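Report on the following structure.
There are 2 protein chains.
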Amino acid sequence: MATIKDVAKKAGVSYTTVSHVINETRFVSEDVVKRVNKAIRELKYRPNQVARCLRKQESKTIGVLSSINVNPYFSETLTGIEKKAYLEGYNIIVCYSECNPEKEKENIEMLLDKGVDAVIIHSLLDETRVPNLVNLEIPVLFLQHYIEDSGMDAICTDDFMGGYLAAKHFIELGHTKIACVSAEGNDNFSYRQRIKGWEKALNENGIELNKDYIIETDFHTHAGYDSFVKFSKMKVPPTAIFFYSDNLAIGGIRAAADINIAIPDQISVIGFDDLFMCQYTVPRLTTVYQPKFSLGEMAFARIFERIKDRELKPQKQLVEPKLVIRESTKRRA
Amino acid sequence: MATIKDVAKKAGVSYTTVSHVINETRFVSEDVVKRVNKAIRELKYRPNQVARCLRKQESKTIGVLSSINVNPYFSETLTGIEKKAYLEGYNIIVCYSECNPEKEKENIEMLLDKGVDAVIIHSLLDETRVPNLVNLEIPVLFLQHYIEDSGMDAICTDDFMGGYLAAKHFIELGHTKIACVSAEGNDNFSYRQRIKGWEKALNENGIELNKDYIIETDFHTHAGYDSFVKFSKMKVPPTAIFFYSDNLAIGGIRAAADINIAIPDQISVIGFDDLFMCQYTVPRLTTVYQPKFSLGEMAFARIFERIKDRELKPQKQLVEPKLVIRESTKRRA
DNA sequence: GGCATTTAAGCAAACGTTTGCCTAATGTCA
DNA sequence: TGACATTAGGCAAACGTTTGCTTAAATGCC
Numbered sequence: 009m010a011t012i013k014d015v016a017k018k019a020g021v022s023y024t025t026v027s028h029v030i031n032e033t034r035f036v037s038e039d040v041v042k043r044v045n046k047a048i049r050e051l052k053y054r055p056n057q058v059a060r061c062l063r064k065q066e067s068k069t070i071g072v073l074s075s076i077n078v079n080p081y082f083s084e085t086l087t088g089i090e091k092k093a094y095l096e097g098y099n100i101i102v103c104y105s106e107c108n109p110e111k112e113k114e115n116i117e118m119l120l121d122k123g124v125d126a127v128i129i130h131s132l133l134d135e136t137r138v139p140n141l142v143n144l145e146i147p148v149l150f151l152q153h154y155i156e157d158s159g160m161d162a163i164c165t166d167d168f169m170g171g172y173l174a175a176k177h178f179i180e181l182g183h184t185k186i187a188c189v190s191a192e193g194n195d196n197f198s199y200r201q202r203i204k205g206w207e208k209a210l211n212e213n214g215i216e217l218n219k220d221y222i223i224e225t226d227f228h229t230h231a232g233y234d235s236f237v238k239f240s241k242m243k244v245p246p247t248a249i250f251f252y253s254d255n256l257a258i259g260g261i262r263a264a265a266d267i268n269i270a271i272p273d274q275i276s277v278i279g280f281d282d283l284f285m286c287q288y289t290v291p292r293l294t295t296v297y298q299p300k301f302s303l304g305e306m307a308f309a310r311i312f313e314r315i316k317d318r319e320l321k322p323q324k325q326l327v328e329p330k331l332v333i334r335e336s337t338k339r340r341a
Numbered sequence: 009m010a011t012i013k014d015v016a017k018k019a020g021v022s023y024t025t026v027s028h029v030i031n032e033t034r035f036v037s038e039d040v041v042k043r044v045n046k047a048i049r050e051l052k053y054r055p056n057q058v059a060r061c062l063r064k065q066e067s068k069t070i071g072v073l074s075s076i077n078v079n080p081y082f083s084e085t086l087t088g089i090e091k092k093a094y095l096e097g098y099n100i101i102v103c104y105s106e107c108n109p110e111k112e113k114e115n116i117e118m119l120l121d122k123g124v125d126a127v128i129i130h131s132l133l134d135e136t137r138v139p140n141l142v143n144l145e146i147p148v149l150f151l152q153h154y155i156e157d158s159g160m161d162a163i164c165t166d167d168f169m170g171g172y173l174a175a176k177h178f179i180e181l182g183h184t185k186i187a188c189v190s191a192e193g194n195d196n197f198s199y200r201q202r203i204k205g206w207e208k209a210l211n212e213n214g215i216e217l218n219k220d221y222i223i224e225t226d227f228h229t230h231a232g233y234d235s236f237v238k239f240s241k242m243k244v245p246p247t248a249i250f251f252y253s254d255n256l257a258i259g260g261i262r263a264a265a266d267i268n269i270a271i272p273d274q275i276s277v278i279g280f281d282d283l284f285m286c287q288y289t290v291p292r293l294t295t296v297y298q299p300k301f302s303l304g305e306m307a308f309a310r311i312f313e314r315i316k317d318r319e320l321k322p323q324k325q326l327v328e329p330k331l332v333i334r335e336s337t338k339r340r341a
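Next comes the structure, spelled out in structure tokens:
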């Protein structure tokens with residue numbers, strides 16, 4: 009691999025000059041520019057980014073910490089980040105916390121060691137670490153997780169609104185026995201916000217919150233399956249179920265087929281995320297859309313802004329979800 | 009951020025010694041080791057990997073070039089790579105070619121500039137570049153793509169065998185009108201191998217290859233949908249369809265529901281990949297399993313071996329696919 | 001006790017850039 | 001013509017490590 013010195017020698021100038029030609033950081037006479045560029049071409053020289061990083065203390069690399077990748081929700085967001093990053097000449101190092109706080113912590117340290125210019129965190133397990141993260145010397149952006157007054161820079165879907173829209177839709181279709189598949193966790197988690205929005209819509213419409221109509225579970229598709237079965241076996245089953253993610257709802261749809269319950273004729277179902285698959289399930293899934301790809305793009309755009317202008321104050325950006333009505337919801341019989 | 013010099017000063021030794029303590033590269037007296045470690049702890053010192061990379065010419069980072077991420081097939085493989093890499097203290101920079109040869113090329117150059125120790129290519133669009141890639145100064149591993157006698161180091165599922173197994177299954181169930189959703193491309197592409205295997209099974213069993221029973225399409229789910237519709241509208245529709253990927257088969261299943269064709273009663277369907285979703289479609293999809301996660305793990309393991317031992321000769325590793333029988337295939341009526 | 005050997009650790013160059021400071025040559029103006 | 005300003009580009013330090021070479025002190029041996 010040719011270095012800047014090889015280029016300098018070949019062009020008969022100092023390597024300072026070569027550097028300035030490459031970076032256009034000061035005037036160099038036309039003649040010299042030509043000779044340098046010729047040498048660069050002939051030697052197929054490309055600047056060593058590692059050396060540049062060491063000197064300039066910027067790596068044109070950002071770290072992305074995701075919890076997992078197998079849920080298309082995460083991978084689509086990641087794709088948005090990568091795309092935008094590429095356009096600005098940045099690369100991304102991705103780490104998966106695998107829902108393990110230990111690995112999450114370890115990963116962040118590895119990223120810092122590698123000299124990333126910023127970190128996007130799409131997985132937050134150990135909230136006690138937020139103050140450390142917020143005070144890192146590099147910009148940190150949180151995706152889909154926000155803690156009030158924490159100084160976090162965050163981009164979130166308005167999950168509360170999303171849950172609200174879902175419940176509202178059920179209500180407008182005449183449902184009153186409305187169940188919900190939820191999960192444990194504190195209210196900062198995005199899925200908790202969805203549930204809170206759901207509760208609000210019920211309250212607003214004078215529908216009592218029946219504790220039996222709430223199941224707390226995890227995020228696995230199979231949990232959605234089991235929850236659906238449980239609900240439908242109740243003495244007075246709900247006529248509508250809100251799953252906090254499509255992934256769970258897909259499990260529910262499969263369960264319905266297995267136990268011969270017709271969706272939406274007997275039970276209406278709504279998911280959340282609008283995964284690509286929702287258009288292909290049988291029946292097609294009514295769900296709350298969130299712009300996963302754009303969310304990724306926005307995340308990079310924001311972090312890029314903060315890299316350029318280190319004085320920017322942290323802020324929370326909310327993006328609007330949208331109800332997408334398909335075939336899994338229906339007016340109550 | 010503390011540097012090695014800060015540690016040295018605090019511990020009252022030269023920074024050479026600190027380096028040796030950290031890397032255990034030569035004997036240091038017990039007493040000094042203790043002092044150094046104490047200083048490291050107190051300053052929360054972590055070695056700067058960028059500087060280390062510049063000096064040692066190794067970055068503990070590998071590049072992964074994938075075509076896209078949204079198909080769970082890619083993301084699962086990527087997860088396997090990441091997991092194994094993490095365990096060895098490596099990070100991965102991921103790039104998506106987005107099926108664009110220009111971006112593919114550009115990405116590889118960015119990766120080299122960043123000083124990655126190796127590259128895993130899970131996306132090969134421009135085969136003319138293989139000689140360049142094979143001769144890079146760093147190890148390059150190809151995933152799911154192999155060209156005979158090209159000197160490629162590769163790990164591939166035995167796609168030919170997979171296609172063969174799929175067709176064999178249909179034949180054993182008494183089907184003779186066996187169709188196939190394929191795609192254009194040269195025979196080095198993995199999906200082409202699947203089709204070749206499928207053809208072989210038909211040939212071996214004296215089943216004529218009906219050109220009308222082959223549709224060449226792309227990889228989008230919707231193409232699977234359309235293909236299914238086309239097949240079922242034929243004068244003599246096939247009784248069995250092999251889709252070269254689950255993604256397509258899922259489209260087919262949705263089409264069947266829309267046009268009221270019963271799978272498997274009227275038409276049996278097989279996919280390829282064994283995506284997680286196959287367990288949740290209605291009906292559950294019979295498919296050819298390939299170990300996506302392990303494939304990723306194997307890929308890192310192999311590339312790691314080659315990083316350690318640069319004399320290793322390129323080789324092709326084949327992993328066995330497996331037929332997974334679920335609900336979408338049935339004995340011919 | 002004197003010399004050779006071993007031991008423990010320091011010095012400084014190198015990795016490939018960027019950039020503050022300096023300088024030689026040229027131009028400008030009275 | 002002399003003083004000064006401007007122009008074009010070179011020198012060398014710095015970024016934070018690793019590592020070959022060196023050295024002072026301690027030890028071993030006869």
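In order, the protein sequence lines correspond to chains A and B.
Take 9 as the starting number for the first sequence in the working numbering and just add one per residue.
Take 9 as the starting number for the second sequence in the working numbering and just add one per residue.
Note that beta-carbon positions come from the ideal geometry of N, C-alpha and C, so glycine has one too.
No experiment lies behind these values; they were computed from the predicted model shown.
When the options are compared against residue i, the one with the closest alpha-carbon
{"i": "D281/A", "options": "F250/A, S22/A, K204/A", "result": "F250/A"}
{"i": "Y288/B", "options": "R334/B, L256/B, R314/B, T24/B", "result": "R334/B"}
{"i": "C61/B", "options": "K122/A, K18/A, C164/A, V138/A", "result": "K122/A"}
{"i": "L320/A", "options": "N218/A, R310/A, L303/A, F239/A", "result": "R310/A"}
{"i": "F197/A", "options": "E212/A, K238/A, D226/A", "result": "D226/A"}
{"i": "A162/A", "options": "A209/A, V142/A, T25/A, C286/A", "result": "V142/A"}
{"i": "M160/B", "options": "M118/B, V127/B, A265/B", "result": "V127/B"}
{"i": "P80/B", "options": "A341/B, F301/B, K330/B", "result": "F301/B"}
{"i": "L133/B", "options": "I12/B, K113/B, M242/B", "result": "K113/B"}
{"i": "E145/A", "options": "H130/A, A264/A, L119/A, N218/A", "result": "L119/A"}
{"i": "Q298/B", "options": "A19/B, A248/B, L151/B, M9/B", "result": "L151/B"}
{"i": "E224/A", "options": "E212/A, K238/A, I215/A", "result": "K238/A"}
Any C-beta of chain A under 9 Å from that of residue i
{"i": "V277/B", "result": "no"}
{"i": "E342/B", "result": "In the structure as shown, chain B begins at 9 and stops at 341. Residue 342/B is therefore absent and cannot be evaluated."}
{"i": "P80/B", "result": "yes"}
{"i": "L303/B", "result": "no"}
{"i": "C103/B", "result": "yes"}
{"i": "I30/B", "result": "no"}
Beta-carbon proximity check, residue i vs residue j, cutoff 9 Å
{"i": "T85/B", "j": "S75/B", "result": "no"}
{"i": "K91/B", "j": "E305/B", "result": "yes"}
{"i": "F178/B", "j": "T337/B", "result": "yes"}
{"i": "F312/A", "j": "Y154/A", "result": "no"}
{"i": "I101/A", "j": "I89/B", "result": "no"}
{"i": "A174/A", "j": "I278/A", "result": "yes"}
{"i": "T165/A", "j": "V327/A", "result": "yes"}
{"i": "G71/A", "j": "N115/A", "result": "yes"}
{"i": "A93/A", "j": "F284/A", "result": "no"}
{"i": "I315/B", "j": "E66/B", "result": "yes"}
{"i": "S240/A", "j": "A265/A", "result": "no"}
{"i": "S131/B", "j": "S158/B", "result": "no"}
{"i": "R340/B", "j": "G182/B", "result": "yes"}
Test: residue i CB closer than 9 Å to a CB of chain B
{"i": "T294/A", "result": "no"}
{"i": "F284/A", "result": "yes"}
{"i": "K111/A", "result": "yes"}
{"i": "Q152/A", "result": "no"}
{"i": "N77/A", "result": "yes"}
{"i": "Y288/A", "result": "yes"}
{"i": "Y23/A", "result": "no"}
Does the contact criterion of 3 or more C-beta pairs under 8 Å hold for the segment 52-71 of chain B versus the segment 269-276 of chain B?
no
Interface positions of the segment 55-66 of chain B facing chain A (Cβ-Cβ less than 8 Å), listed along the chain: P55, N56, Q57, V58, A59, C61, L62
- [ ] Flag this pair as touching only if the segment 33-49 of chain A and the segment 27-43 of chain B have three or more C-beta atom pairs under 8 Å; answer yes or no.
- [x] no
| query | Hey, is the segment 107-114 of chain A in contact with the segment 183-195 of chain A, meaning 3+ C-beta pairs nearer than 8 Å? | reply | no
Worksheet entry | Near-chain B residues of the segment 114-144 of chain A (beta-carbon distance less than 9 Å), N- to C-terminal order | E114, N115, E117, M118, L119, L120, D121, K122, G123
Review point. Taking any Cβ of chain B, which residues in the segment 256-277 of chain A have a Cβ under 8 Å from it, in chain order?
Key: I258, G259, I261, R262, A265
Please confirm if the segment 165-185 of chain B is in contact with the segment 195-214 of chain B, defined as three or more CB-CB distances below 8 Å between the two stretches. yes
Does the segment 252-268 of chain A come close enough to the segment 226-240 of chain A that 3 or more CB-CB pairs lie under 8 Å? yes
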